[in-house]
Amino acid sequence: AKVERVAREFDQFLDEVVEEHRRKMEEKSIGGGGEDRRDFVDVLLDIEKDKTVGFAFGADSIKALVLDIFSAGTDTTYTVLEWVMTELLRHPCAMNILQTEVRKIANGKPNITHADLEKMHYLRAVLKETLRLHPPIPLLVPRLSTRDVKIQGYNIAAGTMVITNAWTIGRDPSTWDEPDKFKPERFLNSSVDFKGQDFELIPFGAGRRGCPGTSFAMATNELVLANLVNKFDWALPEGLKAEDLDMTECTGLTIHRKVHLLAVATPFPS
């Protein structure tokens, strides 16, 4: 009963979100006013109006996609951001390099744009290194062996469920130099990416069963992290040293910090 009640409340909330965006789009088309900034729901409403897409796409489809973003994207995204801020606070030199890069490119602008993010190479390296050490979902979607196969001396029969351990792959000493150390610079002159073509770094999986939200998740991570380090200086609470930070992981479908990060933010004058 509680699950049904929560589901109804969430469905009502999504109805209100979609209708609010519809109303704003109609007001803008009639009067030409309103904000120019568009979001994910606005794009979905454009698809709904496009009769040439070749498939049925209505209010239920929009709500389902928004729900996917809320349910699948929120937990993993904030987990990555908490880990990356933890590593930056443990490594002040990396934090300084990142803030210097971001603030130089942002150049005092109130909003960081996609074009700005494209120039922030160290920021992307920091996120890649965090995903290597702390993949939000350590065990990827299970696969089924379609035939008998032998890998590194292990016989795997057809029909065997196989689970890929992205956490272990990211810390493999045969692939990574000093695998347990946080070294974003390892990615600055490297072609290794997280999109599934390079199997030494697969936090989002690979192939047809790879995470469909990879691009959205990384765009969110990059934008949020850039704003956090651009608009604030960060420090640990008084009396807490970087080397004393508890790095214990809380095991589960998503790997959270067992003890949530507590940090002090000081606004940086623009």
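Mapping of the sequence shown onto the numbering used here: position 159 corresponds to residue 142, and the numbering continues sequentially without gaps. Even glycine gets a Cβ: it sits at the ideal position worked out from N, Cα and C. Given the structure is predicted, the values throughout are model-derived calculations rather than measurements.
In the DSSP assignment, N213 falls outside any beta strand (DSSP E) and within the unbroken alpha helix (DSSP H) covering T197 to K214. Taking 4 residues as the shortest admissible run, the stretch 47 to 84 contains the following complete alpha helix (DSSP H) segments, listed from N- to C-terminal end: 57 to 73. In the three-state reduction of the DSSP assignment, P121 falls in the coil class, being assigned neither a helical nor a strand state.
Taking C-alpha positions only, A218 is separated from H74 by approximately 11 Å. Residues V24, D25 and L28 of the same chain have their beta carbon placed closer than 7 Å to that of H4, with the five preceding and five following residues left out of the count. Out of I88, R20, T113 and R240, the CA that lies nearest to the CA of K7 is found in R20. Nearest in C-alpha terms to A225, of all of T237, F215, A246 and C233, is A246.
Residue pairing from DSSP places I139 in a beta bridge opposite V132. G188 sits buried, since 16 or more C-beta atoms from the chains shown fall within 10 Å of its C-beta. Listed as beta-bridge partners of V(-11) by DSSP are no residues whatsoever.
In this structure, DSSP gives R240 an extended state, which the three-state scheme calls strand. Inter-residue distance for P156 and T60 is about 27 Å (C-alpha atoms, whole angstroms). Excluding sequence positions up to five before and after A77, its CB lies within less than 8 Å of the CB of E70, L71, V109, F165 and P167, all in the same chain and listed in chain order. Exclusion of the five residues before and after D229 leaves V242 as the residues of its chain whose Cβ lies within less than 6 Å of its Cβ.
Taking all protein chains shown into account, D99 has 16 or more neighbouring C-beta atoms within 10 Å of its C-beta and is therefore buried. Of the candidates E2, C194, G153 and D163, G153 places its Cα closest to the Cα of V175.
In this model, L122 and L244 are separated by some 23 Å (Cα to Cα).
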